Amino acid sequence: MSLVTCLGFPRIGLKRELKRALESHWRDDGTHSTLLDTARDLRNRHWHLLHDAGADVVPCNDFSLYDQVLDTAVLFDAIPARYRPVFADSPLDGYFAMARGHKRGGHDLHALEMTKWFDTNYHYLVPELEAGQRFRLRGDKPLAEWREATALGLHARPVLLGPVSFLLLSKMVDGSNRLGLLDALLPAYVELLGQLAAAGVDWVQLDEPCLVLDLDGDALAAYRHAYATLNSARHPKILLATYFGALGDNLALVHALPVDGLHVDLVRAPEQLDAVLDGLPADRVLSAGVVDGRNIWRSRPAQVEPLLRKACQRLGAERLWLAPSCSLLHVPIDLDAETALEPSHRAAMAFARQKIEELRVYADALAGQAEALATLATQQSRLDQRASAPGVLNPDVRRRVRELTPQSGLRRSNSAQRRLAQAQVLALPLLPTTTIGSFPQTETLRKTRAAWRAGRIDDDAYDAVLAKEIEHVVRFQEDIGLDVLVHGEPERNDMVEYFGEQLDGYLFTRLGWVQSYGSRCVKPPIIYGDVARPAAMTVRWSRHAQSLTDKPMKGMLTGPVTMLQWSFVRDDLPRETVCRQIALALRDEVHDLEAAGIGVIQIDEPALREGLPLRRADWSGYLDWAVACFRITVGGVRDTTQIHTHMCYSEFNDIIEAVAAMDADVISIETSRSRMELLDAFTRFRYPNGIGPGVYDIHSPRVPSGGEMLELLRKALEVLRPEQLWVNPDCGLKTRAWPEVEAALRAMVQCARQLREAALPA
Ligand code: GLN
Ligand code: ZN
176 MSLVTCLGFP RIGLKRELKR ALESHWRDDG THSTLLDTAR DLRNRHWHLL HDAGADVVPC
236 NDFSLYDQVL DTAVLFDAIP ARYRPVFADS PLDGYFAMAR GHKRGGHDLH ALEMTKWFDT
296 NYHYLVPELE AGQRFRLRGD KPLAEWREAT ALGLHARPVL LGPVSFLLLS KMVDGSNRLG
356 LLDALLPAYV ELLGQLAAAG VDWVQLDEPC LVLDLDGDAL AAYRHAYATL NSARHPKILL
416 ATYFGALGDN LALVHALPVD GLHVDLVRAP EQLDAVLDGL PADRVLSAGV VDGRNIWRSR
476 PAQVEPLLRK ACQRLGAERL WLAPSCSLLH VPIDLDAETA LEPSHRAAMA FARQKIEELR
536 VYADALAGQA EALATLATQQ SRLDQRASAP GVLNPDVRRR VRELTPQSGL RRSNSAQRRL
596 AQAQVLALPL LPTTTIGSFP QTETLRKTRA AWRAGRIDDD AYDAVLAKEI EHVVRFQEDI
656 GLDVLVHGEP ERNDMVEYFG EQLDGYLFTR LGWVQSYGSR CVKPPIIYGD VARPAAMTVR
716 WSRHAQSLTD KPMKGMLTGP VTMLQWSFVR DDLPRETVCR QIALALRDEV HDLEAAGIGV
776 IQIDEPALRE GLPLRRADWS GYLDWAVACF RITVGGVRDT TQIHTHMCYS EFNDIIEAVA
836 AMDADVISIE TSRSRMELLD AFTRFRYPNG IGPGVYDIHS PRVPSGGEML ELLRKALEVL
896 RPEQLWVNPD CGLKTRAWPE VEAALRAMVQ CARQLREAAL PA
């Protein structure tokens, strides 16, 4: 019979127990034991949960106190010199110093860099390596966790990040070649695998997600060499795990590697099954990733069963394992906790636990069990009926999407003509100053919102607090002399949730937490149905804010791609169709704002870049529809209405053409940390419209001096024309405190004035 297995499980805990334990540990500088006890409890609980849900084999060493890539670096002693003294005092302090920086006992260490894990919203810590780096096995985490699970009577499989992906995901501080370190690294892996085998571990899972990326010849050679080396010494059987996409042109290599099993993602890439089966060596197990580890929907038996039957026919049940497509780290733990969700919605969803239950049913059905077959038939017919259920299908929305034409994404005139029209009505100075939208979310604001949500204060009382805050923010901006004002977003808890809650087609969970990094979790909204806007969402507060001032007030919306990217998206429509629906809803909002007298409107798209597909060949398809959706949002607005967009990252070089194609009148971007590095993109490509490279790093409490900001602006002026340069911070100010914001913005406005005078003809 086919085994049900799992590549990894969420570790944060249903009620974010790990988050709480971590944060109190950091705060109290406290005893390690509570944190480690919580961690052990969570592992035990999750293993039992997996087992009870029907898993034959549970993963171990997938647990992490902070991040599995950091764990790997520490396991192989890839600890940069600056952290070693802290490690020497306490390994746990050293570990957290790498994760979060360390300011204590005479140390002032910055953390490792953090970056997105492939195309997920999970962030991993980027190991820092250098030429001549030495590795050695340090500690026994994988073995200890295997022993822990085994002691509970469970069959456990240690999970390790594979050596080649580990190197490819690391960063060389000296710019040397990462793969050059392979020979130094492999002995540590060999030693570890030997230990595991000696302890009685039968299978180990080596994650090599980089195998779904575009790889060059050096990387392919590294794979061949690495796996030949691992295979040459004593080791448990190796399951090579790939996920997040198709193996594509790397498939031949993968089949040639001396491993004992292969996991493939058949949710993202079901079409690869035939090729995978055709080349699979006869002694090899296939772990079929058939339920979605990246989304919260139940699987469709009509899609999954044929895949499994085909695989089973070719391989036999013994050589076929069933698993989620990737680690379940990316979905919430248990749908049963969502008692407030309507049963009809719940019936269509599966969180981590339900996904394992689904796999159990598939395995039983493959073995011919009648009850399992019936369950699958019911599941499929429920999902079929749901497709046309009210709320899921909104005929008006479908019609509007069908009727979109290339004209829908056009402004009335080209950007040069719009610039003239806007100059007349807005009458802005050279180097106009503005901010990105939010002002500090004070404790009072947060408490008031919590009280309002809990019904302890009524709408009027809540609104009064917001109105007062907006007035304060407006007066402040007038006082310091900013040119384009914002209302400060005091009414928003989160830039996606705020809009999702006002749109049809969205659902929210109570405990649907997903780890973003360390102790940070997000609760992504769920797009389950056609998206429509029943009523205006932001007009009221924007209009109120505009009524307080003669300066232009910038309306503030979250863009369609970001709304999509930071949600769990329905799986019965193409993502681009869902994105078009959101774009149409936002377009109505843009037109309503315009009609209400808001002449500057910003549409934030911080997630545009992270939506890029993993393979280069797929980039242009994505960018085409992402840009089209942005343009639908603002299509048809008056020439005099100035459209801004904002993105908070600085890697622009490879997408600058797409950014220009969005045709926003003004774009603001993050640049201060990289000291305007991104402006390289603008030397190569002449960006036509307004641009505000951030001069104030809002991610840090540090207040930049006027001199620093001036220097950044001067640098910007080396590649940008003065007429196109805007002056603004890197991002919204909601996480900052008022005193910092006040000092930094005053200095920023001063800088703009100083430069303006210098630039004006005498
Ligand atoms: N307007 C938002 C803010 O200022 C933008 C946030 C973001 O880019 N992530 O908070
Ligand atoms: Zn931002």
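Last residue of the sequence shown: number 937 in the working numbering, and the count goes up by one each step with no gaps. Yeah, the Cβ is synthetic: ideal placement off N, Cα and C, and Gly gets one too. It should be emphasised that the depicted structure is a prediction, and the values quoted were computed from it without experimental measurement.
Exposure of residue i, with buried meaning 16 or more beta-carbon neighbours within 10 Å
i           : result
residue 801 : buried
residue 340 : buried
residue 263 : exposed
residue 319 : exposed
residue 168 : In the structure displayed, the chain extends from 176 to 937; residue 168 sits before or after that span and is not available.
residue 292 : buried
residue 560 : exposed
residue 923 : buried
residue 410 : buried
residue 772 : exposed
residue 652 : buried
residue 742 : buried
residue 441 : buried
residue 570 : exposed
residue 828 : exposed
residue 913 : exposed
residue 307 : exposed
residue 209 : exposed
residue 675 : buried
residue 593 : buried
residue 243 : buried
residue 665 : buried
Residue interval of the alpha helix (DSSP H) (run including residue i)
i           : result
residue 537 : 527–541
residue 330 : It is not in any alpha helix (DSSP H) - residue 330 carries neither H nor E in the DSSP assignment.
residue 487 : 476–490
residue 393 : 392–406
residue 362 : 357–374
residue 559 : 545–561
residue 448 : 448–454
residue 433 : Careful: residue 433 lies outside any alpha helix (DSSP H) and carries neither H nor E.
residue 600 : 590–601
residue 414 : No alpha helix (DSSP H) contains residue 414, which is instead part of the beta strand (DSSP E) from 412–416.
Inter-residue spacing [alpha-carbon to alpha-carbon] between residue i and residue j
i           : j           : result
residue 629 : residue 636 : 13 Å
residue 176 : residue 498 : 14 Å
residue 656 : residue 904 : 15 Å
residue 918 : residue 926 : 12 Å
residue 403 : residue 434 : 9 Å
residue 299 : residue 804 : 30 Å
residue 589 : residue 791 : 30 Å
residue 342 : residue 585 : 45 Å
residue 346 : residue 352 : 9 Å
residue 831 : residue 866 : 12 Å
residue 697 : residue 513 : 16 Å
residue 930 : residue 841 : 20 Å
residue 871 : residue 879 : 6 Å
residue 732 : residue 757 : 12 Å
residue 487 : residue 447 : 15 Å
residue 213 : residue 200 : 11 Å
residue 476 : residue 551 : 6 Å
residue 604 : residue 658 : 8 Å
residue 699 : residue 672 : 8 Å
Limits of the unbroken beta strand (DSSP E) element including residue i
i           : result
residue 570 : Unbroken run through residue 570 is the alpha helix (DSSP H), 570–577; no beta strand (DSSP E).
residue 731 : 729–733
residue 695 : 695–697
residue 382 : 378–382
residue 496 : 495–499
Minimum Cβ-Cβ distance from residue i to chain B less than 8 Å
i           : result
residue 249 : Absent from the structure: chain B. Only one protein chain is present.
Closer than 7 Å: residue i CB and nearest the ligand GDP heavy atom
i           : result
residue 819 : Summarising the ligand content, the structure contains the ligand GLN and the ligand ZN and does not contain the ligand GDP.
(request) Kindly provide the ranges of any alpha helix (DSSP H) runs that are 4 or more residues long and lie completely inside the region 748–799, ordered along the chain. (result) 750–770
(request) Jot down the residue ranges of each uninterrupted beta strand (DSSP E) in the region 844–928, minimum 3 residues, whole runs only, in chain order. (result) 865–868
(message) Threshold first: 4 residues or longer. Then list the alpha helix (DSSP H) segments lying entirely within the region 251–337, N to C.
(response) 259–264, 266–275 and 316–326
(request) At 4 residues or longer, and completely inside the region 821–845: list those alpha helix (DSSP H) runs for me, N to C. (result) 831–836
(message) As an exercise, report each continuous alpha helix (DSSP H) stretch of at least 4 residues that is fully enclosed by the region 656–731, in chain order.
(response) 672–675 and 714–722
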